[in-house]
Amino acid sequence: MLNSTQLKMKIDSLTVFSDLKSDPVLKLFRTLLDTFSVSDYSNFVAELYKNTDDLSKYITDITLRDDNFYVKAVASGAEPASVINDAVKSELSTLEEIASVTSQEVQNLVRANCSDADDLYLPSWNTGPVQLPMEFTRKLGSIAQTGYGIFARYTFFRIIGSEIVPVAHPDYQRLDQLFGYERERNLIIRNTEALLNGSGASNMLLYGDMGTGKSSTIKAVAAEYADRGLRIIEVKKNQLFQIPDIMDELASNPLKFILFIDDLSFAGNDDNFSALKATLEGSISGRSSNTVIYATSNRRHLVREKASDRMAGAGFDDDLHLNDTLQETMSLAARFGLTITFQKPDKDEYLGIVRSLAEEYGVADMCPEEELFRRAEAHAIRRNGRSPRTARQFIELLKIGI
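So the sequence shown is numbered by my numbering: it starts at 3 and just counts up by one.
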């Protein structure tokens, strides 16, 4: 039989898992234990239904996702004190007890509290077998691959303000959906595996023409290795000054992280240029072993140069050490340990990508290969050149009959 008074005190005493007391479902459940009113019963079930009909699953999920200080300490390799371990065991028992509460038990108490509710329909929820201590122990044992908190649920992230925020529906292609550039892709994979293995990965710059698959390859690699503990965080150019703080925040996390900067370029007097340069080499904080910076750019030296920048000694520039300035602007690219060039494919490579995409999209039989190639080349001319992006756009248009 449900002992509501004792269960209320157990919930109120949660310490290691204290943040769960503000969870909307658990908070309404705690209120319900006070009142056993029809209104509070309805509010609790409505909030639960927004997530699931299974209370056991819900309590298990929020418990395993909670990124409390204990989880973070274990993830960083620390050994919590025995009194804290005892508290964790006790609180997991409490949470398991909550997860096992049946709707019938609570309905009986609501009806006992309100005589007019005898014939009232009260919606039910499901419960199932719960083994929270065992599942929590299993989670801690695999935390280097699964992570904790939001990092246990998502692979792709971005920065909003000063917060790392998950991307619930990321736009990416799988590795097996990318064609061509095998050599370039293998270099990225090998460097990423070095990050995962802890054997020393390099910061990486992917330079090349637009539409050649630089960004797509990085996102595909991140998705491919997510189950090995890899996560990717997109950093916008105007957020580069935040990278040292992001690295500090991630330093004790057991997962591995790609800080992804897409379409990187600077004006010569851009403050973000200096911020990234200091981060790549020479900043006081250094780089954590669990993070790398992967950047893409259409500019080899990352900095937009004007013709006037090179008019040294012509009397048109007041920089007394112009050559030093030019060398500084070009030095940023050199601070990436690995630079991979993505050039536009030649005709044979482009048509090979078209053929592979036509097979993937199921349109290879829509016209003879000679006609397919002729139309693909014509599309490339209209789209200002051959590239994997142009090939994919052509095949997508072909599939819908345009």
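No residue lacks a Cβ here, since even glycine has one placed at the ideal position from N, Cα and C.
Taking residue i and residue j to be in contact with their CB atoms under 8 angstroms, please state how far apart those CB atoms are, rounded to whole angstroms.
i	j	result
Tyr-43	Val-112	5 angstroms
Ser-254	Ser-102	Not confirmed; about 34 angstroms, so no contact.
Ile-190	Val-167	Contact flag wrong, Cβ pair sits at about 25 angstroms.
Leu-28	Val-108	Their Cβ separation, rounded to whole angstroms, is 14 angstroms, which puts Leu-28 and Val-108 out of contact at 8 angstroms.
Ile-234	Thr-157	7 angstroms
Thr-65	Thr-104	Between Thr-104 and Thr-65 the Cβ distance is about 19 angstroms, and since that is not below 8 angstroms, they are no contact.
Phe-275	Leu-334	7 angstroms
Ala-297	Leu-266	5 angstroms
Leu-474	Ser-290	Any answer about residue 474 is impossible in this case: the structure gives the chain only from 3 up to 404.
Classify residue i: buried if its beta carbon has 16 or more other beta carbons within 10 angstroms, exposed otherwise.
i	result
Tyr-51	exposed
Lys-349	exposed
Met-206	buried
Pro-390	buried
Phe-71	exposed
Asp-68	buried
Glu-81	exposed
Asn-115	exposed
Ile-13	buried
Ile-383	exposed
Leu-34	buried
Phe-138	buried
Arg-187	buried
Tyr-209	buried
Val-85	exposed
Arg-155	exposed
According to DSSP, which residues form a beta bridge with residue i?
i	result
Ala-297	Leu-207 and Ile-263
Arg-160	Val-167 and Glu-236
Ile-342	Leu-208
Asn-128	Asp-56
Lys-258	Leu-232
If I follow the unbroken alpha helix (DSSP H) through residue i, where does it start and stop?
i	result
Phe-138	134-143
Met-368	Met-368 -> no alpha helix (DSSP H), and no H or E assigned at all.
Arg-185	184-199
Pro-246	245-252
Ala-393	390-401
Gly-2	Here the chain has residues from 3 to 404 only, and residue 2 is not among them.
Met-11	6-14
Asp-42	40-51
Ile-404	From DSSP, Ile-404 is part of no alpha helix (DSSP H); its letter is neither H nor E.
Measuring CB atoms only, is the region 171-185 touching the region 349-366, in the sense that at least three cross pairs come out at less than 8 angstroms? yes
Contact between the region 224-237 and the region 353-362 (3+ Cβ pairs under 8 angstroms): The region 224-237 vs the region 353-362: no contact.
Mind the definition here: the region 198-213 touches the region 381-397 only if three or more C-beta pairs lie below 8 angstroms; say whether that holds. yes
When you compare the region 140-150 with the region 52-62, are there three or more beta-carbon pairs, one atom per stretch, that lie closer than 8 angstroms? no
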